[in-house]
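There are 2 protein chains.
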Amino acid sequence: MEFKEAKNKFVQTWGALGSQWGINKTMAQIHALLMVSNEAVSMEDIMDELQISRGNASMNLRALMDWGIVYKEYKVGERKEFFTAEKDLDELAVKISRERSKREIKPVLKILKEVSTFEANNSAEEKHFVDQTTKLYDFVLKADNVLDKITEYKDNWLTKLVVKIMK
Amino acid sequence: MEFKEAKNKFVQTWGALGSQWGINKTMAQIHALLMVSNEAVSMEDIMDELQISRGNASMNLRALMDWGIVYKEYKVGERKEFFTAEKDLDELAVKISRERSKREIKPVLKILKEVSTFEANNSAEEKHFVDQTTKLYDFVLKADNVLDKITEYKDNWLTKLVVKIMK
DNA sequence: ACAAAGTTTCATTTTTTTTTGAAAGTTTAA
DNA sequence: TTAAACTTTCAAAAAAAAATGAAACTTTGT
């Protein structure tokens, strides 16, 4: 297998994975590309390698920076901006979970709390609704807290978790 | 807040969450509906409550059953089929992680192994590629194993995890 | 102050995903 | 064996999401 081929395979696969997880293909591909680049890459080069438009590149780079997993870099004597990805995988995982928690879990918790505290009459139907949504609220809250605690270790959280679980 | 209103809010929210996680809206909504129903629901009623076509209902119920989180039920004297959701949240989480691991993590691991074992020449670029994809492979493999181990507890895995983590 | 080099924005187009609905298929009871 | 009751399939339509590209904007060097 040639380098280009391997790189392309990786980028494509990461892109496909992204779309299965609600992250758009290009965003995941840019991230993949930057992850395996040993030096910062310009927007031009990204457009070129992924065959995408300037607008697309710009918007997805912005999104990746909002997630805190891609950084802008400046090179001396160069006017252009260059981009690098967070390459530390522990750090990457921490940032992704923080962001997803903030954007998705927290709003769901809010709604779950609301609907689970609705005043049921004593029909089995309404009681079951309150019961089930309450359980769901507790579950999601607990899961969110665990995630928080785990990623608080920050360095080597996964390794530390392995140790805890296995023993 | 009225019952109908609370229920609808929950179903809509669950649907929205689903689409952010790569699960289609209707599939998540049907699941939500079944989760909070105290008894099995017919396809007719699902179509009716969610205002969707028969085809849509049928296909998404099939998908939910493939995931192992929705079951078919028969009522005596009734020709129709009825559906229920897995309501035990531990069990639900276990099934979802198993399925996602099988469908998404495993294929990615395969590709990561492939590309990370490509024979790099000694340019910094190619070396970095191999290094980074190898790290990624190890990380994803470890994470997948942890998930496996965790969900092996099966009953109350989340509670048990909380205990392990906190102490 | 200007223009060159670069980036961002957003209305429009394209692509992808989801939904529909009607036809084909299946099961059951008489 | 037939027909009613019900479910599945899948080509086509609709909806949603992503990508384009050109104009607007910003920054920098002279």
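If you read the protein sequences in the order shown, they are chains A and B.
Here my numbering is used: the first residue of the first sequence is 226, the next is one more, and so on.
Here my numbering is used: the first residue of the second sequence is 226, the next is one more, and so on.
Beta carbons are placed, not taken as given, at the ideal position from N, Cα and C, and that holds for glycine.
{"Asked": "Who pairs with B/A310 in a beta bridge, going by DSSP?", "Found": "B/V295"}
{"Asked": "For A/S326, which of B/D373, B/W246, B/F228 has the nearest alpha-carbon?", "Found": "B/W246"}
{"Asked": "Listing by chain order, which chain B residues have their CB less than 7 Å from the CB of A/A368?", "Found": "L383"}
{"Asked": "Could you list which residues in chain B have their beta carbon closer than 7 Å to that of A/F307, in chain order?", "Found": "Near A/F307 there are no residues of chain B at all, since even the closest Cβ is about 15 Å away, more than 7 Å."}
{"Asked": "Here's the rule I'm using: 16 or more other beta-carbon atoms within 10 Å means buried, otherwise exposed. How should B/V261 be labelled?", "Found": "buried"}
{"Asked": "Distance check for B/R323 and B/D373, CA to CA, integer angstroms please.", "Found": "8 Å"}
{"Asked": "Buried or exposed: where does A/G240 fall if 16 or more other Cβ atoms within 10 Å of its Cβ makes it buried?", "Found": "buried"}
{"Asked": "With A/V371 and B/I390 assumed to form a contact (beta carbons below 8 Å), what rounded beta-carbon distance in angstroms separates them?", "Found": "6 Å"}
{"Asked": "If we call anything under 8 Å between Cβ atoms a contact, is B/E306 one with B/M268?", "Found": "yes"}
{"Asked": "Taking B/W382 as the reference, give the member of B/Q357, B/E316, B/E350 with the closest Cα.", "Found": "B/E316"}
{"Asked": "Taking B/L361 as the reference, which of B/I336, B/F228, B/E377, B/I277 has the closest Cα?", "Found": "B/I336"}
{"Asked": "Can a CB atom of chain A be found closer than 8 Å to the CB of B/W292?", "Found": "no"}
{"Asked": "Going by alpha carbons, who is nearest to A/A265 out of A/N249, A/G280, A/L286, A/Q276?", "Found": "A/L286"}
{"Asked": "Starting from the N-terminal side, write out each stretch of the alpha helix (DSSP H) that is 4 residues or longer and does not extend beyond the segment 314-368 of chain A.", "Found": "314-325, 331-341"}
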